[in-house]
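In order, the protein sequence lines correspond to chains S and G. According to the numbering used here, the stretch in the first sequence is residues 1279 to 1615, in order. According to the numbering used here, the stretch in the second sequence is residues 1279 to 1615, in order. All residues carry an ideal CB built from backbone N, CA and C; glycine is no exception. Keep in mind it's a predicted model, so treat the numbers as computed, not measured.
Protein chains: 2
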Amino acid sequence: MKSIAINGYGTIGKRVADAVSAQNDMKVIGVSKTKPDFEARMAVNKDYDLYIAIPEREKLFDQAGIEIAGTVDEMIQDADIVVDCTPGNVGPENLEKYKKIGVKAIYQGGEDHDLTGLSFNSFSNYDDSFGADYSRVVSCNTTGLTRSLKPIDDLCGIKKVRAVMVRRGGDPVQVNKGPINAIVPNPPTVPSHHGPDLKTVMDGVDITTLALLVPTTLMHQHNLMVELENDVAIDDVIDTFENRSRVLLLNASEGLSSTAEFMEYAKELGRSRNDLFEIPIWKESLNIVDGELFYMQAVHQESDVVPENVDAIRAMLELESDNEKSIAKTNKAMNIL
Amino acid sequence: MKSIAINGYGTIGKRVADAVSAQNDMKVIGVSKTKPDFEARMAVNKDYDLYIAIPEREKLFDQAGIEIAGTVDEMIQDADIVVDCTPGNVGPENLEKYKKIGVKAIYQGGEDHDLTGLSFNSFSNYDDSFGADYSRVVSCNTTGLTRSLKPIDDLCGIKKVRAVMVRRGGDPVQVNKGPINAIVPNPPTVPSHHGPDLKTVMDGVDITTLALLVPTTLMHQHNLMVELENDVAIDDVIDTFENRSRVLLLNASEGLSSTAEFMEYAKELGRSRNDLFEIPIWKESLNIVDGELFYMQAVHQESDVVPENVDAIRAMLELESDNEKSIAKTNKAMNIL
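Pasting the structure below:
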């Protein structure tokens, strides 16, 4: 039973904590917060040992009546690996700390690839992180791209990808983010960073991405245009997606014509926090025109990377050498389709 | 001085009425409404003769104290051409009426190309509608595509176009439209109708489009990927756009990073209704990668087709045989950049 520390119990951290707790070969030995907010209180209510990132703030937690188990420095001493879910600018500082103590660490997609020199996706490059000390689970968007592009590449090869990433303005909880009523090219330059980021887990793929922000909080949406290396029938693509876990073919015609309806679908699955760990693809959108595959998919930005974090733990701690076995184990524990 | 009747004084109709009034070779002889609403009242305040589409409703206009000049049937008797801006399903019925009376008519992009068998854009196929009895100004989105693609085609030829059309959910006034918080592939199939529609005014262009709706009211946004026939430098593309009217190269870096800021720009131009008749292109987004031109543009769906309607009148009534002369005349009267 390996010991996992979750540094940063926010949007991703709290989900990774629950996902780790659901596995039988790893356990959460602690989670950390910087502020005594409702998430800190609920972490304690869930019986997670709570550690504080800034020791001077112990009094604030005392005043709020939130029990702490110690400091982050103490938490990571006892861990086999730290899942770092802290905000982007804090990560690099933490790495120094992890190295000094000699604990392994997994970063999230908010950090640059260069921080660890190694990026992770369960399907495309699990082996690269096997036994590694430091790696990084790519962002929600890059994870979403990898989930559907890797099986296509395996099926018939990819010549070139163009993708337009229509991104949610902010998460449901981010009340200070926009836009409220505008479309914002983000960046207003082409290509966006998503293409290069995909290459960190799918080496050599030729991809150009454009990205924009729109006034929605629920999910990102991707428009994929994939020139194929070899001819293939659309039914083969459908079979491939249907036989692959963590991607879902859903029918717009069954009342699933938008990201809002995908979220309603997740609610009906009975998932905690209404999470949709899988990448849903609109089945009707699949079409091959002149050797080019077109499709539209969505990404639940708060949760799709969570199973990948569990697999990354298993790879880096050498708990499982076969990625398919880790994926199956994670899926089973999390009821992933 | 030609006599123009505007059948349907709504979002497009009221703008076309004002644009026609600004010209010196045509005049508005009447506008029509079905209901005695604020637009009807303000049309009369602006000194437009108001005609009613449904004679039985004369009483309702009387009760509202809105003076009418007669019925639509009477209005079109005196017209050289009718600009039909009625809702989509009414148009086909009206055509029978126009034919019976023997009056020319211009339709809007909400109607199918098949209704008139002829579609119009000022830059790409002005001559096709010269002297024609019935034509159709293509939709706001197709007009937007034509405005930027035609000059590229003229410059270096187009091999293939891919475009992802991120559409506003509804106009600012459409309080019953959605989505409020979702991304909606619309249609959820690929390709969308926009590609075929472009071909009605740019014959032979190879284009595939994907379209979706997002929660915004201000403008549509287009993501263009254009494989070029012949090599060209990005500066030549910039020069081409800068020398073409009705497209604007705007800098995100100058506080114009979103559709909302484009609308603010239109306000600063002092335009009536804050209209932006031009198609703004984010200058920073222009990039050529491997012989493919990428760029992002926006479309003010309420107004971009308005100058095209004026030019269509001029073509169909044989007021001007040279499209560039008509464009220049319309632009000058409307202060178009």
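{"Asked": "Do you know offhand how far F1408 of chain G's Cα is from K1382 of chain G's?", "Found": "12 Å"}
{"Asked": "If you run the structure through DSSP and keep just helix, strand and coil, what is F1555 of chain S?", "Found": "coil"}
{"Asked": "Please determine if the segment 1283-1294 of chain G and the segment 1303-1322 of chain G are in contact, where contact requires at least 3 C-beta pairs separated by less than 8 Å.", "Found": "yes"}
{"Asked": "Give a yes or no on whether the C-beta atoms belonging to Q1301 of chain S and C1418 of chain S are separated by under 8 Å.", "Found": "no"}
{"Asked": "Strictly under 8 Å for the Cβ-Cβ distance: is T1518 of chain G near chain S by that measure?", "Found": "no"}
{"Asked": "The segment 1461-1472 of chain G: which residues have C-beta closer than 9 Å to a C-beta of chain S, in chain order?", "Found": "I1461, V1462, P1463, N1464, P1465, P1466, T1467, V1468, P1469"}
{"Asked": "For the beta strand (DSSP E) containing K1280 of chain S, list its first residue and its last residue.", "Found": "1280-1285"}
{"Asked": "How would you call Q1267 of chain S, buried or exposed, if buried means at least 16 neighbouring beta carbons within 10 angstroms?", "Found": "Nothing about residue 1267 of chain S can be reported from this structure: the residues present for chain S run from 1279 to 1615 only."}
{"Asked": "Consider the Cβ of L1373 of chain S: report whether some Cβ of chain G lies at a distance smaller than 8 Å.", "Found": "no"}
{"Asked": "Counting only beta-carbon separations shorter than 8 Å, does S1407 of chain G have a partner in chain S?", "Found": "no"}
{"Asked": "Would you mind sorting E1345 of chain G into buried or exposed? The rule is 16 or more other CB atoms within 10 Å of its CB.", "Found": "exposed"}
{"Asked": "Taking only beta-carbon positions, decide if E1562 of chain G is within less than 8 Å of chain S.", "Found": "yes"}
{"Asked": "DSSP state of D1509 of chain S, grouped into three classes?", "Found": "coil"}
{"Asked": "Since F1572 of chain G sits in a beta bridge, which residues does DSSP pair it with?", "Found": "G:M1503, G:N1565"}
{"Asked": "Taking the C-alpha atoms as reference points, what is the distance between K1272 of chain S and G1435 of chain G?", "Found": "Summary: the structure shown does not reach residue 1272 of chain S, with chain S confined to residues 1279 through 1615, and so no result is reported for it."}
{"Asked": "Return the chain-ordered list of same chain residues with a C-beta closer than 8 Å to the C-beta of G1366 of chain G, the five sequence neighbours on each side being excluded.", "Found": "G1388, E1389"}
{"Asked": "Could you confirm whether any beta carbon from chain C is found closer than 8 Å to the beta carbon of L1490 of chain G?", "Found": "Among the chains of the structure shown, chain C does not appear; the protein chains present are S and G."}
{"Asked": "Could you give the first and the last residue of the continuous beta strand (DSSP E) run that contains R1619 of chain S?", "Found": "What the structure shows of chain S is the stretch from 1279 to 1615, and residue 1619 of chain S is not part of that stretch, so it cannot be assessed."}
{"Asked": "Counting contacts by CB-CB distance shorter than 8 Å, is T1537 of chain S in contact with chain G?", "Found": "yes"}
{"Asked": "For N1454 of chain S, go through chain G and note every residue whose CB falls closer than 8 Å to its CB, in chain order.", "Found": "Under the 8 Å cutoff, chain G gives no residues; its nearest Cβ is about 17 Å from N1454 of chain S."}
{"Asked": "Which chain G residues are close to M1503 of chain S, counting only those with a beta carbon under 7 Å from its beta carbon?", "Found": "R1440"}
{"Asked": "Can you say whether G1395 of chain G is buried or exposed, counting buried as having 16 or more other CB atoms within 10 angstroms of its CB?", "Found": "exposed"}
{"Asked": "Leaving out the 5 sequence neighbours to the left and right, which residues in its chain are closer than 8 Å to L1433 of chain G when beta-carbon positions are compared?", "Found": "V1510, D1514, V1515, T1518"}
{"Asked": "Give me, in chain order, the residues of the same chain whose beta-carbon lies closer than 8 Å to that of L1272 of chain S; leave out the 5 immediate sequence neighbours on both sides.", "Found": "Here chain S has residues from 1279 to 1615 only, and residue 1272 of chain S is not among them."}
{"Asked": "Taking the C-alpha atoms as reference points, what is the distance between K1378 of chain G and V1306 of chain G?", "Found": "22 Å"}
{"Asked": "From this set, G:M1443, G:S1470, G:D1406, which residue's C-alpha is nearest I1461 of chain S's C-alpha?", "Found": "G:M1443"}
{"Asked": "What first and last residue would you give for the alpha helix (DSSP H) that runs through V1350 of chain G?", "Found": "1350-1355"}
{"Asked": "From S1310 of chain S to L1554 of chain S, what does the alpha carbon distance come to, in whole angstroms?", "Found": "25 Å"}
{"Asked": "Nearest to G1448 of chain S by CA position, among S:R1440, S:I1458, S:R1414, is which residue?", "Found": "S:I1458"}
{"Asked": "Do you know how far the Cα of N1613 of chain G is from the Cα of R1524 of chain G?", "Found": "11 Å"}
{"Asked": "Measure the Cβ-Cβ separation of I1282 of chain G and D1358 of chain G and say whether it is below 8 Å.", "Found": "yes"}
{"Asked": "Examine chain G for any beta-carbon lying closer than 8 Å to the beta-carbon of Q1579 of chain S, and answer yes or no.", "Found": "no"}
{"Asked": "Scan the segment 1436-1522 of chain G and note each continuous alpha helix (DSSP H) run of 4 residues or more that stays entirely inside, going in chain order.", "Found": "1472-1477, 1512-1520"}
{"Asked": "Alpha carbon to alpha carbon, how far is V1539 of chain G from S1397 of chain G?", "Found": "Note on residue identity: the sequence assigns Glu, not Val, to residue 1539 of chain G. Whole-angstrom Cα-Cα distance: 32 Å."}
{"Asked": "Opposite I1384 of chain G in the DSSP bridges: which residues?", "Found": "G:V1361, G:S1413"}
{"Asked": "Specify, as a first and last residue, the run of the beta strand (DSSP E) that I1330 of chain G falls within.", "Found": "1328-1330"}
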